Amino acid sequence: MKIRSIDDLDVNGKRVLLRVDINSPIDLATGKIRDDNRLRMSLPTIRDLTEAGARLVLIAHQGDTLDYHNLVPLEEHAQLLTEMLEHPVAYIDDVAGPTAREAIRRVQPGDILLLDNLRFLTEEVSTFENAVKLSAAEMTGTYLVRHLAPLFDIYVNDAFAAAHRNAPSMVAFQELLPTAGGRLLVAELDALSGVAEHPERPCVFVLGGLKISDAFSMMRKVLAEGIADTVLTSGITGQVMLMASGIRLGEPSEQFIRDRALDAFLAPAAEYLQAHPDKIRMPVDVAYDDAGVRAELPAARLPAPAPIIDIGSETIGVYREVLAAAATIFVNGPAGVYESEVGAKGTRELWSAIAGAAGYSVIGGGDTVASARRFIDLNDIGFVSTAGGALIRYLSGQPLPLLQAMEKAASVA
Ligand code: 3PG
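Throughout the sequence shown, residue numbering follows the working numbering, covering 3 to 415 in sequence.
Right, here's the structure in full:
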């Protein structure tokens with residue numbers, strides 16, 4: 003897709019408004035940031051704009067009404083950015099009110115100012131977005147955009163992880179200001195379009211975990227469009243596939259699936275299996291928790307007497323071979339209950355196979371990255387996306403409001 007990069011604009015001495023996604027998990031007990039990865043990933047754009055002489059103002063959200071304990075001010079974010087950049091990042095506890103606007107007017111070339119949490123404004127929260135559904139043009143009349151846009155020459159968006167949010171800070175400044183995508187946004191789109199549009203073959207999708215709605219929406223698209231050559235299923239996704247092929251998992255696992263209404267995925271699972279029998283791989287054996295001890299059972303000998311917690315050793319061997327031969331690998335979700343020692347083997351061994359594979363690997367999403375980090379060095383992964391929900395939507399072929407706004411801005415530039 004065509005969006006402008008910051009290299010296409012002269013930012014020297016200009017007032018640049020940069021939207022980043024530094025939304026970070028907050029520790030419940032201490033109220034402090036638990037993982038600073040998104041802050042680190044935002045540094046290249048901040049650094050490059052500052053070095054090019056921009057008068058830089060950052061806007062960002064943190065938490066949400068749906069995610070309330072994370073809805074905190076951005077003061078700690080400014081402190082951490084200051085340490086990481088070794089350059090002061092000023093913070094002001096106002097988003098777009100008179101104090102923020104006065105501070106913005108005082109920003110000099112090379113200065114960096116971080117405004118407060120965008121989601122302290124009603125028009126920026128997802129409940130507002132879902133209820134009111136403003137167009138990007140209508141959002142130019144929101145409190146944030148009306149007050150900030152006149153103070154800037156250029157708008158830069160580097161917040162791919164929030165690309166699915168149709169919020170004023172994400173899509174409306176493009177209507178009013180010359181616009182470019184930051185380094186991270188461009189890198190995310192390069193890596194993900196590589197997987198979603200022109201993957202090196204064979205292209206393997208590894209879909210596991212508990213959030214099977216994500217796995218199924220991606221599976222639908224990558225199978226229908228011939229993007230995936232092989233889909234390796236594991237986790238609950240693999241269990242639903244086994245059930246859909248007529249295998250009884252055993253009462254404890256089937257109960258788990260029914261209790262969460264995941265049996266709704268049996269019909270699409272059966273449909274995909276029928277349409278793409280040679281592309282979808284299911285576990286050939288499973289592991290269950292036999293009173294605290296790992297026990298394995300071939301799929302042909304199911305049902306299991308206790309909850310299934312992992313793929314079995316034979317499946318691990320088969321999947322490792324597929325991964326070793328892959329040119330492109332995309333991973334979403336762990337293979338089993340990796341937090342417990344009895345359920346960790348599949349997740350651990352698949353991650354080590356992916357880390358050691360010659361193919362280009364792409365991963366993203368909080369749970370997936372957390373499970374990878376537990377077993378391997380993330381430097382052994384080709385690209386670690388900062389996105390969760392946005393990534394799933396992108397790979398499921400759903401339109402992303404940010405990308406629509408950036409494309410529109412590039413087309414009128
Ligand atoms: C994320 O954490 O996925 C992004 O920052 C978007 O946050 P949201 O899901 O609260 O909109």
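Note that CB positions come from ideal geometry on N, CA and C, so glycine has one too.
Keep in mind it's a predicted model, so treat the numbers as computed, not measured.
From the DSSP secondary-structure annotation, give me the bridge partner or partners of residue i.
i	result
leucine 115	Val59 and Ala92
aspartate 66	Asp69
isoleucine 310	Tyr290
alanine 297	Tyr290
phenylalanine 154	Paired residue(s): none; phenylalanine 154 is not in a bridge.
asparagine 334	Leu209
serine 7	Gly183
Taking 7 Å as the cut-off, is the C-beta of residue i nearer than that to any heavy atom in the ligand 3PG?
i	result
glycine 391	yes
aspartate 216	no
asparagine 334	no
aspartate 369	no
arginine 42	no
asparagine 132	no
aspartate 69	yes
asparagine 486	Residue 486 cannot be examined here, being either before or after the span of the chain that is shown, 3 to 415.
arginine 167	yes
alanine 302	no
serine 128	yes
alanine 407	no
aspartate 66	yes
alanine 164	yes
So, helix, strand or coil for residue i, using DSSP?
i	result
serine 2	The chain is shown only over 3 to 415; residue 2 falls outside these bounds and no answer can be derived.
tyrosine 396	helix
asparagine 72	helix
tyrosine 340	coil
isoleucine 318	helix
arginine 203	coil
asparagine 14	coil
valine 233	strand
phenylalanine 130	helix
threonine 144	coil
valine 386	strand
glycine 183	strand
isoleucine 103	Position check: residue 103 holds arginine in this sequence, whereas isoleucine was assumed. Arginine 103: helix per DSSP, three-state reduction.
valine 188	helix
asparagine 381	helix
serine 448	Here the chain has residues from 3 to 415 only, and residue 448 is not among them.
arginine 36	coil
Evaluate residue i with the Cβ neighbour count: other Cβ atoms within 10 Å of its Cβ, from every protein chain shown; 16 or more gives buried, anything less gives exposed.
i	result
asparagine 381	exposed
arginine 21	buried
threonine 129	exposed
arginine 250	exposed
valine 206	buried
valine 333	buried
lysine 347	buried
Taking Cβ to Cβ, would you say residue i is nearer than 8 Å to residue j?
i	j	result
alanine 328	isoleucine 313	no
serine 416	threonine 388	The question about residue 416 has no answer here: the residues shown for the chain are numbered 3 through 415.
asparagine 25	glutamine 81	no
valine 242	isoleucine 229	no
leucine 120	serine 44	no
isoleucine 331	leucine 325	yes
alanine 217	leucine 209	yes
alanine 412	arginine 6	yes
proline 27	asparagine 72	yes
aspartate 292	isoleucine 311	no
glutamate 160	leucine 186	The identity of residue 160 in the sequence shown is aspartate, whereas the question assumes glutamate. Their beta carbons are under 8 Å apart, which means aspartate 160 touches leucine 186 by this criterion.
arginine 157	threonine 181	Looking at the sequence provided, one finds tyrosine at residue 157 rather than arginine. Going by C-beta atoms, tyrosine 157 is nearer than 8 Å to threonine 181.
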